[in-house]
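In the numbering used here, each residue's number is its place in the sequence shown (first place is 1) plus 109.
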Amino acid sequence: MGRPKINKTKITNDWQKYCPELRKLRMLDIDNRVGPLVIGFYLQVIGDGTIYMPLYKVENLYSHYSVLPSSLEIEGRTMDMQTHEAYSEQVAQQLIEKAYIPLQGEVTFENIKNGYERYFKNPNKGTIVEYEDYVYISSWTRNKLFFETALNTVYNELKAWPEERYFVQAGGFQNWILELEKKASNHEILEDNYRKKIAKYKIEKLPERPFYF
């Protein structure tokens, strides 16, 4: 007899119990909001539907993207329904402790800055969305020092990355960083995108935590 299919409703409800400050945005996706960020867990059902992998993730509403790319991801152990019953609460606590940006309580800009800088020490070299997000979030605060510090950090972190792999479409790294600064400074377009994404993804139903900066 094979393993049973993952009970999506049960695992979603269980994970919400493990972190009550999160709310179900859709099946397998539980989150809350901090400023422009959507933070939570996605429970990814894998393969033949008998196992799943919990994923801590952060999504940024305040960017030039019309979609919500997932970033700052941390993978938990894969589980079937039997191991879910035995270990899922323990796995949830491990992810809560590892989270780059806290899932519970109030958040300061320093928490966010530290979370991104911790990620930058061991980044996923396949994506630059985390670097873009750090700049966009800093721009969202309207604090000039935060914004300039974020741009400088991202510049120093990425300047040695191979241009031919990451920045060809932008015409090179220097053009990319200048374009990022330009996009992140255009609050009119970013605010419009922000409102559209809140409506599109029904973000307004998520609980919102205090964000101090």
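Built from N, CA and C at the ideal position, the CB exists for glycine as well.
Helix, strand or coil for residue i per DSSP?
{"i": "G224", "result": "helix"}
{"i": "I115", "result": "coil"}
{"i": "R186", "result": "coil"}
{"i": "L170", "result": "coil"}
{"i": "L181", "result": "strand"}
{"i": "F276", "result": "coil"}
{"i": "I286", "result": "helix"}
{"i": "T217", "result": "strand"}
{"i": "L315", "result": "coil"}
{"i": "L212", "result": "coil"}
{"i": "F229", "result": "helix"}
In the DSSP assignment, the alpha helix (DSSP H) including residue i goes from what residue to what residue?
{"i": "D242", "result": "V238 to W249"}
{"i": "D325", "result": "Nothing can be reported for residue 325, as the shown portion of the chain is limited to 110 through 322."}
{"i": "N261", "result": "K253 to L267"}
List the whole-angstrom C-beta distance separating residue i from residue j, where the pair is believed to meet the contact cut-off of C-beta under 8 Å.
{"i": "L170", "j": "E241", "result": "So it is not a contact: roughly 13 Å between Cβ atoms."}
{"i": "G158", "j": "K114", "result": "5 Å"}
{"i": "P319", "j": "V238", "result": "In fact, because the Cβ distance is near 25 Å, the residues do not count as touching under 8 Å."}
{"i": "I160", "j": "D138", "result": "Their Cβ separation, rounded to whole angstroms, is 18 Å, which puts I160 and D138 out of contact at 8 Å."}
I'd like the span of the beta strand (DSSP E) that includes residue i, first residue to last.
{"i": "I148", "result": "L146 to I155"}
Original post:
Are the stretch 142 to 156 and the stretch 202 to 214 touching by the rule of at least three beta carbon pairs closer than 8 Å?
Top reply: Look at the beta carbons and you see the stretch 142 to 156 touching the stretch 202 to 214: at least three pairs across the two are nearer than 8 Å.
Subject >> Validate contact between the stretch 278 to 293 and the stretch 234 to 249 using beta carbons, cut 8 Å, 3 pairs >> reply: yes
Original post:
In chain order, which beta strand (DSSP E) runs of at least 3 residues are fully inside the stretch 116 to 144?
Top reply: Counting only runs of 3 or more, we get 132 to 135 and 138 to 143.
**OP:** Would you check if the stretch 150 to 169 and the stretch 181 to 191 touch, i.e. whether three or more CB-CB distances between them fall below 8 Å?
**Re:** yes
Subject >> Segment contact, 8 Å Cβ cut-off, at least three pairs: the stretch 120 to 128 with the stretch 198 to 208 >> reply: yes
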